Every structure is written in C-alpha cells, then in structure tokens.
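*Asks:*
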Amino acid sequence: MTNPTLKIAPAIAMLWIACAVTGCGGTKVLKEPVQIQATQPLAAASGQQLTATLDWVIVRDGPGTWAKNADWDEYLLRVSNPSDQPVQLTRLVVIDSLATRIEPRQDRKQLVKGSKQTARRYKDSGIKVKAGKGAGTMLIAGAAVTAIGASAATVAATGAIMSGAATAGSAGAAAGGLLLIGPAIAVGGIVRGVRNSAVNKQIQERQTTLPLDVPASGELTLDMFFPIAPSPRAVEVTYTDGNGESSLIIDTGAALDGLHINSGENN
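Heads up: the sequence shown begins at 0 in numbering that gives the first Met the number 0, then just goes up one per residue.
(1) Does the Cβ of Ala233 have 16 or more other Cβ atoms within 10 Å, making it buried, or fewer, making it exposed?
(2) Does the region 27–37 come into contact with the region 205–225, if we say contact requires no fewer than three beta-carbon pairs (one atom in each stretch) closer than 8 Å?
(3) Do the region 113–128 and the region 246–254 touch if we need at least three Cβ pairs shorter than 8 Å?
(4) Out of curiosity, what's the CA-to-CA distance linking Val56 and Gly241?
(5) Tell whether a beta-carbon distance below 8 Å holds between Lys132 and Asn261.
(6) Going by DSSP, which residues form a beta bridge with Ala43?
(7) Can you pull the DSSP bridge partners for Ala36?
(8) Could you check whether Trp65 and Pro226 sit closer than 8 Å to each other, using their CB atoms as the reference points?
(9) How about Phe224 and Arg59: do their beta carbons lie closer than 8 Å?
(10) Taking Cβ positions only, does Glu218 come closer than 8 Å to chain D?
(11) Expressed to the nearest angstrom, what Euclidean distance is found between the alpha-carbon atoms of Val236 and Asn195?
(12) If you check the beta carbons only, do Leu221 and Thr239 fall under 8 Å apart?
(13) State the DSSP-derived secondary structure class of Asp72, mapped to helix, strand or coil.
(14) Excluding the 5 residues flanking Asp256 on each side, which residues of the same chain have their C-beta closer than 7 Å to its C-beta?
(15) Measure how close the beta-carbons of Asp106 and Ile35 come, nearest whole angstrom, since I'm counting them as under 8 Å.
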C-alpha cells in the first residue's frame, strides 16, 4: 500500500513554491517592528477635570507600525486627571473632514470594513483617499517621535501554516489529487488566514477598552483603533465625573491635515 504522506509532501512543496512566486499579500505582523516614543505631541486639550493629549497616529506603513499594509489608524493618546476625584472615560470618536463621527472598532475585520466604507463615502464626494498618504504632515506640524529599539517578538506562524497545509494535503490526496488545482490560491488562503489571525491578536492585545476609570491625580495611556479617517478635524473625548458628562475636543485640523487624502494623479 502506498504511503499517503509520500503523495502529500510534493503537493505541499508545490504550494509553497507557488506562494513564493506569486506572493501572499495582505496585512501581516512585522517580525521586528520599530517601537517609537513621542517626544512632542500632535495636539492636546484641557478641561477642569481632564487633559487629553494625542501623541501620534500610526498609519499604514508609517512610523511605529507593527503590521504591514494596515488598513486602519491607531491613535496613541494620554489622559491625565489633575483633580482629587476619579473620572471615567466613556467614549472616544474621531471626526473626519466630512464631519463624520468615526467610532473605534474592535477587530481587524471591522476596521477593514470601516475603511472601505470611508473610501466609498469620500469617492461619492469626489475625493480620492489612500491609506497612509500624507502622513508626513504630522512631522511638518511639529510632532516628533524617536525609535526606542526593535521588538524581538515574532509571529510563529510556520507551524500553523504547515498544519493547515497538511490538512489540505490529506483532503487532496483522498480526493484523488485535487490539491494540485489552483495551488497559489490554496496556499494564499492559508497564509492570509494565519496572518489575519496574528494581526487580530495584536489588535486585541494593544487596544484600550472603554469605559475606563482615570484615578485622581492619575495619568493613563490609550491605544485606540479606528477605520481610516481622512484629514481628521478633531478627536472628541467624552468622560463623566461628579458633575455629569463632559467632552474635550482635541483639534487635529493642522496636525493631521491631508492625512489619507490622495491628491496626486499617479499615487
């Protein structure tokens, strides 16, 4: 009796060769992302009970990115409570250049879907958008970040990929060699699935969940994920204290002007 493994191994090898030749694009976690530290914030706003600072926005393939080809924005903020009473952050939204209020999203799929909706909305208004375009505006506006080292963390996806490929190979052998049909598509789907899962895990680990209590005389950092917001005008931070609900408006009109707006003919 012929060993099925001998039939599967060449098929898996062909799949990997096909992937190497055609490429398995999409979003993926970088092996050694360069961490950054903001030395000069983008914008800030203060009230009696709370101060909110926008340190940086990580955009597609920009400074601080940890995922290649990301179709979303990651807002890095700080909030400080100078009072002697705790406050609770309840909501945070980004207001784009069309005055649309954009809520944070919880996972990769929701973020990508939201960014596609934004692109269609701007297209209907005659404006072309491209994720990551115009990111240099943040530096021109006076914000500053420095690299603080490369992360040693890597995504150990090889085992999962091989496991998926072996499963597909077994099914193909049982079906009389159907595995060899469309090898690039087959392995591309496997790799994308693993990459998307790794990206989503990172989003879940990094993101800040609201509501969030800010203790008296305390300061917290926030990491919020949004679908792309072209040339955002403001970030609105809503919180509650002993006097009820209040909001802070961080004006981002200058610091993020032109972000994601594709004004070039060939870009």
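Virtual Cβ for every residue (Gly too), placed ideally from N, Cα, C.
As the structure is a prediction and not an experimental result, all values here were calculated from the model.
*Replies:* Once the coordinates are examined:
(1) Start at 1 with the first residue of the sequence shown, and residue 233 comes out as number 234. That one is buried.
(2) no
(3) no
(4) In the sequence shown, the residue the question calls residue 56 occupies position 57. In the sequence shown, the residue the question calls residue 241 occupies position 242. About 31 Å.
(5) Locating residue 132 in the sequence shown gives position 133, where the first residue counts as 1. Locating residue 261 in the sequence shown gives position 262, where the first residue counts as 1. Closer than 8 Å, so yes.
(6) Locating residue 43 in the sequence shown gives position 44, counting from the first residue. Paired residue(s): Thr52.
(7) Taking the sequence shown and counting its residues from 1, one reaches residue 36 at position 37. It is Gln, not Ala, that sits at residue 36 in the sequence shown. Answer is Thr145.
(8) For the purposes of this step, residue 226 is identified with residue 227 of the sequence shown, where counting begins at 1. For the purposes of this step, residue 65 is identified with residue 66 of the sequence shown, where counting begins at 1. No, these two residues do not count as a Cβ contact at 8 Å.
(9) Counting from one through the sequence shown, the residue named residue 224 turns up at place 225. Counting from one through the sequence shown, the residue named residue 59 turns up at place 60. No, the pair does not count as a contact, with Cβ atoms beyond the cut-off.
(10) Of the protein chains in the structure, only one exists, and it is not chain D.
(11) Here residue 236 corresponds to residue number 237 of the sequence shown, with the count starting at 1. Here residue 195 corresponds to residue number 196 of the sequence shown, with the count starting at 1. Distance between the alpha carbons of Val236 and Asn195: 30 Å.
(12) Sequence index remark: in the sequence shown, residue 221 carries index 222 (1-based). Sequence index remark: in the sequence shown, residue 239 carries index 240 (1-based). The answer is no: Cβ separation not under 8 Å.
(13) On the sequence shown, position 73 is the one that residue 72 refers to. Reduced to three states, the DSSP call for Asp72 is strand.
(14) For this step, residue 256 is matched to residue 257 along the sequence shown. Taken in chain order, the residues that qualify are Thr136 and Ser230.
(15) Here the question's residue 106 lines up with position 107 in the sequence shown. Here the question's residue 35 lines up with position 36 in the sequence shown. Not a contact, Cβ separation roughly 24 Å.
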